[in-house]
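For reference, the structure is listed below as structure tokens.
So this is what it looks like as structure tokens:
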């Protein structure tokens, strides 16, 4: 692990802070559940520093993240930038009145010629259409394990060596309302063995990992992460094109290894892991309800006295 090997702690946040402050005055009120101004400072600083030309965002939602990256890239005056936004949803998950990515047309329509939005499909289903030469990606889609790892694996055959992958909500699982779920970004970031960096926020939500000189050398690590018990099952329609791409790019042996990993992940989640956690969550909810009722009864008795 080489954390902050290339960038000093706080360096990227400082680079991106002026742009983040400027943009957040323009942020539409409806773009809830999007990257914060602190996240934006780190991500903008990273994009402005590495100056990629072919970018893929996985998980667009409102499109506010797209606005931040498009404006950051524009500030580098790289006119050849191609930005692809990928999201399985056609409408913004938080407010169905808005289309996925609508913040781009509302705030950054002048960047539209650099932007292509692909909705209704997962990353594995559009990767071949986007094609090779990707030198930067932002993964901010489903946060439950194994989705961030699957998204990176979908991108891997098309990534340039030494590309940076930005990750959002690294420590979302530590928020009380998440009940220690949504661990996907955390697993991927903490296990990463190459260069990586994160924002100055504590606990940090914004981070980035760097692909090595030989992207295929990350296959063993990604396989190992996929053997960590899953937080949810994944539909076959998303897994089939992914396994096919792995086999096509790295050979049938690797394809079979990952096929086994996803089969085991789905099976264990269905057979034991899921029921165990559903039982625990039910017990926790009952205990909370009981504690709340007891507290109210005690307060009532005190008041009556």
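Residue numbers (the numbering used here): 62 to 366.
For each residue, glycine too, the CB sits at the ideal point set by N, CA and C.
In this text, all values refer to a predicted model and were calculated from it rather than measured experimentally.
Cβ-Cβ separation between residue 294 and residue 330: approximately 5 Å, consistent with a contact (criterion under 8 Å).
Non-local C-beta neighbours of residue 259 in its own chain, meaning closer than 7 Å and more than five positions away in sequence, comprise 231, 265, 267, 268, ordered along the chain. In the three-state reduction of the DSSP assignment, residue 276 falls in the helix class, which pools H, G and I. Ranked by Cα distance from residue 296, the options 204, 283, 324 are led by 324.
Spanning the alpha carbons of residue 254 and residue 224 requires a straight line of approximately 14 Å. Taking 8 Å as the upper bound for CB-CB distance, residue 99 and residue 262 are in contact here, some 5 Å apart. By the CB criterion at 8 Å, residue 220 and residue 195 fall inside the cutoff. Taking residue 96 as the centre and dropping the five residues before and after it, the same chain places the C-beta of 104, 125, 126, 129, 229 closer than 7 Å to its C-beta, in chain order.
Of 79, 279, 122, the smallest CA-CA separation from residue 156 is found for 122.
Rounded to the nearest angstrom, the Cβ distance from residue 73 to residue 106 is 3 Å, consistent with a contact under 8 Å.
Scanning its chain for C-beta atoms nearer than 6 Å, with the 5 sequence neighbours on each side dropped, one finds around residue 198 the residues 117, 216, 226, in chain order.
Straight through space, the alpha carbons of residue 153 and residue 162 are spaced by roughly 8 Å. In the DSSP assignment, residue 108 falls outside any beta strand (DSSP E) and within the unbroken alpha helix (DSSP H) covering 98-111. Counted as a single uninterrupted DSSP element, the alpha helix (DSSP H) harbouring residue 214 occupies residues 208-216. Beyond the five residues adjoining it in sequence on each side, residue 102 comes within less than 6 Å, by CB distance, of 74, 77, 78, 81 in the same chain, given in chain order. Exclusion of the five residues before and after residue 311 leaves 277, 280 as the residues of its chain whose Cβ lies within less than 7 Å of its Cβ. Distance from residue 92 to residue 164 at the Cβ level is roughly 5 Å; contact confirmed, criterion being Cβ atoms closer than 8 Å. In the three-state reduction of the DSSP assignment, residue 330 falls in the helix class. Around residue 110, the same chain offers 73, 76 as residues with beta carbons nearer than 7 Å, after the five sequence neighbours per side are excluded. Each residue's CA atom was taken as its position, placing residue 71 and residue 64 some 12 Å apart. Following the DSSP letters along the chain, one finds residue 125 inside the alpha helix (DSSP H) bounded by residues 125-135.
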